[in-house]
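S.K.: Before we start, here is the structure in question, set down as structure tokens.
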Amino acid sequence: MTHHASGFTIVTLVPSLLDTNGDAQNAAVLAARLRWAGHDARMVAVEERGALPDRVDAVIVGSGNDSTLEPARERLLTMHDELRRWGTEGVPILGVGTGWELLSWGVETADGRTVEGLGVLPGRAVPRPTRATGDVVVRSPRFGHLVGFENHARDYVQAEASPLGRLVSGIGNGRDAGQEGVVMGWVIGTHLHGPVLAKNPAMADAFASEMAVRAGTTYEPGERAAVVDGYAEEARRAQLRVAGIALPA
Amino acid sequence: MGAGSLRYGPAILVGRFVRFLARLRKPGGGSAIPGLVVNRIAPGYLTRTLSGFPDGLIVVSGSSGKSTTTKMLVAILRAHGDEVFTNPSTANISQGLTSALLERADWRGRVPGGVAVLEMDEGHGAVVMRGVDARLVALTNVMVDQIDRFHDSEMVVSMLGKIAGRASEGVVINADDAALERLAARLAPGVAVHRYGVAQRVMDASPRGLGYAETAGTRLTPEAGVVVDHVEGRRARLVDAEASVDVELPARGTHYAVDAAAAYATARAVLGARFDVSLAADALSSIPAVFGRGERVTVRGHEVEFVLVQNPASYQLNIDGIETGTEQVLFAIGSDVRDPSYFWPVDASSLGRVSIVSGSKAHEAALMLAYDGVEVDRVEPDLAHAVDDFLAAPAPTRGVKTIVFSADAMRRTRAHLGLTGADE
């Protein structure tokens with residue numbers, strides 16, 4: 001089933017600065033699910049442009065600290081052309097937390113700094129009065145109910161036309177918009193931090209399927225995925241129970 | 250002569266009475282309630298008492314290693330004949346500290362002791378230390394620790410900066426921690442900076458580093474501070490400009506050697522010319538094994554190793570420390586870890602196979618282990634049930650039964666097994 005000699009390559013960008021919450025591990029989740037499906041797949045950590053592999057099948061940009069916004073932006077900027085090209089070509093890109101914010105038009109911090117974004121996604125991040133921390137549930141038209149955890153100091157505005165989904169619970173993009181995340185084709189930004197793809201296997205499989213289609217092959221979740229997704233289902237249920245959230249039918 | 254004052258007599262009496270009531274309800278148990286009450290009715294008591302020790306106050310704080318460092322420092326000072334007041338590691342926030350002081354106070358609130366050595370929670374320390382003057386502040390490290398509590402490591406650095414700002418004589422820092430080096434550069438002029446750290450080869454022996462949020466680019470030399478020159482199992486060598494000493498650690502692991510270096514460097518700064526190298530080395534070597542971390546106990550006829558996981562760095566170090574091929578592992582994450590996301594960067598693949606995953610975050614933990622390629626035989630969220638079944642299984646043919654747990658799961662496990670220290 002292997003479609004090309006080197007197999008699938010999922011890159012995680014600047015993990016030394018952008019993996020505070022384990023978001024970069026979403027790349028490992030995709031690689032594991034593709035391997036369980038019988039494909040060759042690997043995760044490559046890329047700190048700067050020179051380390052990019054020849055072929056990129058998916059991209060993860062994780063979350064960092066406010067103190068590293070500028071240096072992380074500098075490193076991402078070296079890959080600006082590639083990020084734009086991947087976005088245009090439909091390579092799935094997942095930005096989480098500050099990683100997402102850096103892919104936007106710009107980030108305004110509470111201490112008055114403005115960090116110009118890479119402009120790959122519409123909208124901008126603006127300070128909110130209090131930090132948003134807690135459980136989030138999102139109803140996404142593409143991926144079903146997404147369950148996760150948010151921890152961010154900024155709202156996200158000017159992308160109201162293309163959210164990832166509607167909030168069932170949580171603060172998400174804030175400003176009482178009832179929305180979470182932003183989507184442009186296969187470039188997706190979300191506040192759901194950590195291993196969002198592990199916790200939401202439907203979203204992970206949508207990524208894997210799209211990667212397979214782009215590579216001229218197919219993806220069917222492996223047997224191992226069924227066992228592991230059982231853990232994900234129980235973890236989602238436990239989180240919803242503790243948070244007192246009932247999913248609408 | 251001790252710290253305290255007549256004006257707090259009534260509050261102390263109330264606090265003691267509350268403690269008496271708390272004891273009736275929960276015999277033998279320590280409680281933060283008396284501290285809470287006294288802090289409410291006599292808000293100045295804690296500040297005034299902490300500032301009142303005749304030989305001053307030494308504060309130990311940082312993301313991890315502070316309780317071991319505090320124990321080691323107290324042991325060294327006591328070996329030199331000093332009368333030391335210290336707090337149990339679980340009483341490192343305001344109410345607990347006040348309760349710990351009350352525990353030892355006379356009716357006027359005076360606490361015996363020449364010098365106080367206090368472990369202070371990095372989050373509450375900045376508030377507790379408001380208006381309190383310390384002689385020395387020793388800082389262990391800044392780790393990506395408890396992110397759901399502090400949001401990011403920069404917040405920890407800023408809180409530690411506030412604690413360090415209360416030091417009048419000096420600050421003792423881990424020179425391998427770049428964030429602490431930056432913090433030291435901002436201290437007021439006249440405040441001495443003492444350093445400790447590891448030699449390059451010790452750093453090289455930990456392929457994943459020592460877990461600091463940011464590791465400094467250069468290593469400390471013995472001329473510039475106390476250097477962990479060598480670690481092998483439970484033995485370590487500390488070298489500085491004055492001497493080279495071999496010490497026995499309370500458990501294997503480089504982080505204990507670093508804690509020993511921190512305590513050694515701090516004791517040298519406290520004692521000055523009175524510091525005796527061999528007294529210090531003997532005191533360090535006599536620290537009992539630390540409970541919960543690499544601790545071996547015999548329960549229900551089995552030798553069991555307990556491994557405590559408190560933050561990603563200790564998780565990685567402790568997982569790496571478990572003998573490869575250990576056949577029976579119980580892995581338990583409790584409700585203290587609200588969102589386990591930040592544990593995901595840790596590579597647990599060396600575990601290979603886990604017999605039971607348990608605790609209120611059992612399925613999250615199983616998910617994390619599965620993506621690390623670890624086989625999970627069973628998920629049993631009920632911890633008591635899991636512990637019973639784990640211990641009822643026949644002894645392993647390889648390795649000892651090993652229980653890896655978060656702090657909350659550790660307390661529940663110890664309580665379930667009737668082990669001491671379950672409710673400290």
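As given, the protein sequences belong to chains A and B, one line each in that order.
Residues in the first sequence are numbered consecutively from 1, following the working numbering.
Residues in the second sequence are numbered consecutively from 250, following the working numbering.
For each residue, glycine too, the CB sits at the ideal point set by N, CA and C.
Does any residue of chain A bring its CB to less than 8 Å from the CB of B:TYR445?
M.R.: Cβ-Cβ to chain A under 8 Å: no for B:TYR445.
S.K.: Check this for me: beta carbons of B:ILE536 and B:MET321, under 8 Å apart or not?
M.R.: For B:ILE536 and B:MET321, yes; Cβs fall inside 8 Å.
S.K.: When you compare the CB of B:PRO594 with every CB in chain A, is at least one pair closer than 8 Å?
M.R.: So yes, B:PRO594 belongs to the interface.
S.K.: Going by the CB atoms, is the gap between B:ALA597 and B:LEU618 shorter than 8 Å?
M.R.: It is a contact, given that the beta carbons lie within the stated cut-off.
S.K.: At the level of alpha carbons, what is the spacing between B:ARG486 and B:ASP495?
M.R.: For B:ARG486 and B:ASP495, the distance between alpha carbons rounds to 4 Å.
S.K.: In the structure shown, what three-state DSSP assignment does B:ASP631 receive?
M.R.: In the structure shown, B:ASP631 sits in coil (DSSP, three-state: anything other than H, G, I, E or B).
S.K.: Quick one, are the C-beta atoms of B:TYR461 and B:ASN390 less than 8 Å apart?
M.R.: In contact: B:TYR461 and B:ASN390 (Cβ atoms closer than 8 Å).
S.K.: For B:ASP495, write down the residues that DSSP places opposite it in a beta bridge.
M.R.: Its beta-bridge partners are B:ARG486.
S.K.: Does any residue of chain B bring its CB to less than 8 Å from the CB of A:ALA206?
M.R.: Output row for A:ALA206: interface = no.
S.K.: Is any beta-carbon of chain A found at less than 8 Å from that of B:SER590?
M.R.: Answer yes: the Cβ-Cβ gap between B:SER590 and chain A drops below 8 Å somewhere.
S.K.: Mind pulling the chain A residues with CB within less than 8 Å of B:TYR620?
M.R.: Under the 8 Å cutoff, chain A gives GLN25, ALA28, VAL29, ALA32, PRO195, ALA198 and VAL228.
S.K.: With a 10 Å radius around its C-beta and 16 neighbouring C-beta atoms as the bar for buried, classify A:GLN158 as buried or exposed.
M.R.: The residue in question, A:GLN158, is exposed, as its Cβ has fewer than 16 Cβ neighbours within 10 Å.
S.K.: By the DSSP assignment, the beta strand (DSSP E) with A:VAL168 in it spans what residues?
M.R.: Where A:VAL168 is concerned, the enclosing beta strand (DSSP E) stretches over 165 to 169.
S.K.: Per the contact definition of three or more C-beta pairs closer than 8 Å, is the region 170 to 185 of chain A in contact with the region 120 to 140 of chain A?
M.R.: Judged by Cβ distances under 8 Å, the region 120 to 140 of chain A makes contact with the region 170 to 185 of chain A, as three or more pairs qualify.
S.K.: Whole angstroms are fine: how far does the CA of B:ASP508 sit from the CA of A:ARG166?
M.R.: Distance between the alpha carbons of A:ARG166 and B:ASP508 is about 49 Å.
S.K.: How many angstroms separate the CA atom of B:LEU632 from the CA atom of A:GLU48?
M.R.: Near 45 Å, if we compare the C-alpha coordinates of A:GLU48 and B:LEU632.
S.K.: Just to confirm my understanding: we take B:TYR564, look at its own chain, exclude 5 residues before and 5 after, and list those with CB closer than 7 Å. What are they?
M.R.: Cβ within range, chain order: VAL558, PHE592 and VAL595.
S.K.: If distances are taken between C-alpha atoms only, which option among A:TRP86, A:LEU69 and A:ASN65 comes closest to A:ARG214?
M.R.: Nearest option by C-alpha distance: A:TRP86.
S.K.: Only counting runs of 3 or more residues, tell me where the beta strand (DSSP E) segments fall wholly within the region 51 to 134 of chain A, in order along the chain.
M.R.: Listed in chain order, they are 58 to 61, 93 to 96, 106 to 108 and 114 to 116.
S.K.: I'd like to know whether the C-beta of A:PHE149 is nearer than 8 Å to at least one C-beta of chain B.
M.R.: Yes, its Cβ sits closer than 8 Å to a Cβ of chain B.
S.K.: Over the uninterrupted alpha helix (DSSP H) stretch that includes B:THR573, give me the two end residues.
M.R.: Segment: none, B:THR573 is in no alpha helix (DSSP H) and carries neither H nor E.
S.K.: Reducing DSSP to helix, strand and coil, say where B:GLN577 ends up.
M.R.: B:GLN577 falls in the coil class under three-state DSSP.
S.K.: Indicate the three-state DSSP secondary structure (helix, strand or coil) for A:ASN200 in the structure shown.
M.R.: In the structure shown, A:ASN200 sits in coil (DSSP, three-state: anything other than H, G, I, E or B).
S.K.: How many angstroms separate the CA atom of B:ILE307 from the CA atom of A:GLY194?
M.R.: Near 38 Å, if we compare the C-alpha coordinates of A:GLY194 and B:ILE307.
S.K.: For B:PRO589, is the classification buried or exposed, using 16 other Cβ atoms within 10 angstroms of its Cβ as the cut-off for buried?
M.R.: Answer is buried; the Cβ neighbour count reaches 16.
S.K.: Give the interface partners of B:SER534 over in chain A, defined as CB-CB distance under 9 Å, in chain order.
M.R.: None at all; the shortest Cβ gap to chain A is about 38 Å.
S.K.: Just to confirm the assignment, what range does the beta strand (DSSP E) spanning B:MET617 have?
M.R.: Element bounds for B:MET617: not the beta strand (DSSP E) but the alpha helix (DSSP H), 611 to 620.
S.K.: Thinking B:LEU436 and B:VAL420 are a contact (beta carbons under 8 Å), I'd like their distance in whole angstroms, please.
M.R.: That pair is a contact at about 6 Å.
S.K.: Please classify B:HIS211 as buried or exposed, where buried requires at least 16 neighbouring CB atoms within 10 angstroms.
M.R.: The question about residue 211 of chain B has no answer, for chain B in this structure spans 250 to 673.
S.K.: With H, G and I counted as helix, E and B as strand and the rest as coil, what does DSSP make of B:TYR591?
M.R.: Here B:TYR591 sits in helix by DSSP.
S.K.: Roughly how far, in whole angstroms, is the beta-carbon of B:ALA383 from the beta-carbon of B:SER417, given that I think they are within contact range, below 8 Å?
M.R.: That belief holds up - the Cβ atoms of B:ALA383 and B:SER417 are roughly 7 Å apart, short of 8 Å.
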